[in-house]
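Protein chains in written order, with the numbering used here: chain A, 1 to 217; chain B, 1001 to 1181. Beta carbons: idealized from backbone N, C-alpha and C, even for Gly.
What follows is the structure, encoded as structure tokens:
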């Protein structure tokens, strides 16, 4: 896959297109899994830690993209103060731990891209997903693998063509996330009303470039 | 009832009354319902943005409740649930505004007192005012104290001492350890 690959648009269930205009899913396949974080990426995270402190975290709600996710959370019945949006979650960790702490290459790539863009990103194991990805409400009896009980009907999930992979802004099905054995990764961005296409593409490209080893400081 | 809620109720009521005139078929009813949900989502967006602005302007004040509570998701909410979210946001916004206004008045009083303390420390003996009291970030405080301890007390030599700020988060480290990172 070339570095210039364009993120693919995921499908959105018709009901959601009507009820939640602006909701979208974009994803990109990257031919590698996670691994150890190189020094250049660690340095980049250290620089980000210096740039991003309490005042920036407080002012996140003023920035259009994080604010758009907060509004969307309200629209789908989530409380962004109880379950922080992705960018606020990363910012909260930064404040609690005193810096962006490096974990592994994939998580660090997502952290960098989320903080730089504000866009909600996550990753799946490409070899464990079937066909195109999209967002839809669950039907009766569906659940997330590895979790007891079914999901309430109508729960919004990111799904492939056969099963739910993760809750929208929530838990991932067992075995569908990226593990040390993963060799191909799907980087996936959830777009909501108020988040421009260019920000979503930039977020995915940024995460992909870090993952491919071109994203150092 | 909070003003935001009354404004919103007025808009919503108008939408509903307009809709009731048109409801002739089930399809039309569904369209009206969907329009109502769109309106509610717009109102929720407005209230959430106002609450976000208030949150940022409230910094560094602590102890203000910002949570609204989830109605259970992620899923597409019905009209009633969207109304609950909107009403809860409106109430929270009103309560937060009221609390900030109340604190603003108290802080203004403290600022007035601080000016008096700085101007005439001998008339405000041992008075201590912190940044938190005047609604500012940081740990600085002003303290009216006698110069030279007991001698200053006897002689009436009072002054305001300004503290140096917040203690280090991790305490003092040995010089060698400061360069580990």
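The beta carbons of residue 136 (chain A) and residue 159 (chain A) sit closer together than 9 Å. From the listed residues A:19, A:29, A:44, A:28, the smallest Cα separation to residue 1039 (chain B) is found for A:19. Distances from the alpha-carbon of residue 1049 (chain B) to those of A:66, A:99, A:35, A:42 put A:66 closest. Put simply, the backbone Cα of residue 164 (chain A) is about 18 Å away from that of residue 179 (chain A).
Looking only at A:127, A:141, A:115, the smallest Cα-Cα distance to residue 50 (chain A) is reached by A:115. For residue 1046 (chain B), the enclosing alpha helix (DSSP H) stretches over residues 1026-1058. In the DSSP assignment, residue 117 (chain A) falls within the unbroken alpha helix (DSSP H) covering 105-117. Going by beta carbons, residue 101 (chain A) and residue 211 (chain A) fall outside the 9 Å limit.
For residue 169 (chain A), a Cβ of chain B is located within less than 9 Å of the residue's own Cβ. Residue A:106 holds the alpha-carbon nearest to the alpha-carbon of residue 181 (chain A) among A:92, A:52, A:12, A:106. At a cut-off of 9 Å between beta carbons, residue 1132 (chain B) makes no contact with chain A. For residue 186 (chain A), the closest C-alpha among the options A:123, A:140, A:132 is that of A:123. Residue A:45 holds the alpha-carbon nearest to the alpha-carbon of residue 94 (chain A) among A:45, A:145, A:68. Annotated three-state conformation of residue 62 (chain A) is helix, per DSSP. Chain-order list of chain A residues neighbouring residue 1071 (chain B): 77, by C-beta distance under 8 Å.
Interface residue (Cβ-Cβ distance to chain A less than 9 Å): residue 1121 (chain B) is not classified as such. Annotation for residue 52 (chain A): 91, 94, 100, 115 place their beta carbon closer than 8 Å to its own, counting only its chain and skipping 5 residues before and after.
Non-local beta-carbon contacts of residue 132 (chain A) in its own chain, meaning distances under 8 Å to residues more than five positions away in sequence, involve 8, 10, 11, 160, 161 in chain order. Within a 10 Å sphere around the beta-carbon of residue 1083 (chain B) sit 16 or more other beta-carbons, which makes this residue buried. Put simply, of B:1069, B:1052, B:1079 the residue whose alpha carbon is nearest the alpha carbon of residue 1030 (chain B) is B:1079. DSSP, reduced to helix, strand and coil, places residue 55 (chain A) within a helical segment of the structure shown.
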